[in-house]
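Single-structure report; data block below.
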Amino acid sequence: QILKEDPNVQKLPFPDAFNVTISEVNQINGCDGNPTVCHTMMTNSSDCDTVYLCHSVKGTTVKQVIIDYNEEIKDVQMYAMCHMNTHNFGEEHVAFRMLHKRPGDGVCHFISPNSFLVCKN
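Quick note, in UniProt numbering, the sequence shown goes up one by one and the last residue is 121.
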């Protein structure tokens, strides 16, 4: 199962911070435990098309989150990855600094635009 971003994600004001209203959250079956996320990478080569960096983190679950940004941009489907086992993350990991958490605490984040998830069915 490949989960791609909703085209409406491109209408959101990334990379700036912005407020949204969460209207729905759903567990994604088959994406629990060890999903793989792939991000586009910048290259300096004109001979190369898109390059993806793919990785997975054990103890991760995926949630489908439906958000409303404003009256014109509603029902945008996004995916949040929740890392429930962060004992092996370094104490200075950016997630801990931003969310005021410590190793062992669960942390969730949205996948970035132009990324996709690969999950077992």
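Ideal Cβ placement from N, Cα and C applies to all residues, glycine included.
Remember, predicted model here, so these are calculated numbers, not experimental data.
Check                                                                                                                                                               : Outcome
For K74, collect the residues of the same chain with a Cβ closer than 7 Å to its Cβ; drop the 5 residues on either side in sequence, then sort them by chain order. : D68
Going straight from the alpha carbon of C108 to that of M42, what length do you get?                                                                                : 25 Å
Return the CA-CA distance between H83 and H100, expressed in angstroms with no decimal places.                                                                      : 15 Å
Can you check which of these residues, V9, G106, F110 and P113, is closest to G59 by C-alpha distance?                                                              : G106
By alpha-carbon positions, which one of A17, G33, K120 and S112 ends up nearest to M78?                                                                             : S112
Below 8 Å on the Cβ atoms is my guess for V62 versus L117; work out the distance and round it to an integer in Å.                                                   : 6 Å
In this structure, does DSSP put F14 in helix, strand or coil?                                                                                                      : coil
Which partner residues does H100 have in the DSSP bridge list?                                                                                                      : DSSP output for H100 lists no bridge partner at all.
Within 10 Å of its beta-carbon, does F18 have 16 or more other beta-carbons around it, so buried, or fewer, so exposed?                                             : exposed
Within 10 Å of its beta-carbon, does M98 have 16 or more other beta-carbons around it, so buried, or fewer, so exposed?                                             : exposed
Look at the alpha carbon of V57 and the alpha carbon of N34, and state the distance between them as a whole number of angstroms.                                    : 6 Å
Residues bridged to N34 by DSSP?                                                                                                                                    : DSSP lists no partner for N34.
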